Amino acid sequence: MTHQNSDCLFCRIVRGEIPAKIVYRNDHVLAFRDITPVTGQHVLIIPLKHISSLSELTPEDEAIAGQILLAAGTVAEIIGIKESGYRLVFNSGKDAMQSVFHIHGHLIGGSAMGWPPFPGLPSAHG
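Position 40 of the sequence shown, counting from 1, maps to 21 under this note's numbering, and the rest follow consecutively.
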């Protein structure tokens, strides 16, 4: 049985208690459309197991982390952005604007993106 948190929004989606527009699911991850998309295509990829943040990953979670990354390519193909390109963004902790404390990657694409990814921030590239 996969460990889940009864109060976690994403765990409730995994269990089917809250509806979501599912794009992809396997034995390790679930991908569903973000309810507040930031671009033409915006899908969240989450592990079925509840892990609060990237900082909470353990060596035992290596396969789960890999499954998230592998799912990104599959989901990008399903939603039609594999060839044009996409970003997979993770926020870890409140200062990084993590709002749901269950690991999730934001797969975004469907339009040309700039760098840095957020307006008003200084570029790390000078």
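Note that the Cβ used here is the ideal one computed from N, Cα and C, for glycine as well.
All values reported here derive from a predicted model rather than from experimental measurement.
Quiz prompt | Neighbourhood of residue 62 by C-beta, 6 Å cutoff - its chain only, sequence neighbours within 5 removed | solution = On the sequence shown, residue 62 is found 81 positions in, with the first residue counted as 1. Excluding sequence neighbours, residue 62 sits near 22, 90 and 91.
Practice problem: Specify the secondary structure class of residue 70 as computed by DSSP and reduced to three states. | Solution: In the sequence shown, the residue the question calls residue 70 occupies position 89. Three-state result, residue 70: strand.
Practice problem: Spatial neighbours of residue -15 within its chain, please: CB distance less than 6 Å, with the 5 preceding and 5 following residues excluded, ordered by chain position. | Solution: Position 4 of the sequence shown, counted from the start, is the residue given in the question as residue -15. The residues are -8 and 31.
Practice problem: Would you give the residue range spanned by the beta strand (DSSP E) that residue 4 belongs to? | Solution: Taking the first residue of the sequence shown as position 1, residue 4 is located at position 23. Start and end: 3 to 6.
Exercise. Go through its chain and collect everything with a Cβ distance to residue 48's Cβ below 6 Å, but skip five positions before and after it.
Key: Mapped onto the sequence shown, residue 48 falls at position 67. Cβ within range, chain order: 9 and 10.
Quiz item: Taking the continuous beta strand (DSSP E) assigned at residue 12, which residues delimit it?
Solution: Here residue 12 refers to the residue found at position 31 of the sequence shown. Note, residue 12: beta strand (DSSP E), 10 to 14.
Practice problem: Pull up the DSSP beta-bridge partners for residue 85, would you. | Solution: As a position in the sequence shown, residue 85 is number 104, starting the count at 1. In DSSP, residue 85 forms no bridge with anything.
Practice problem: Determine, using beta carbons only, whether residue 71 and residue 33 come nearer to each other than 8 Å. | Solution: As a position in the sequence shown, residue 71 is number 90, starting the count at 1. As a position in the sequence shown, residue 33 is number 52, starting the count at 1. Not in contact: residue 71 and residue 33 (Cβ atoms no closer than 8 Å).
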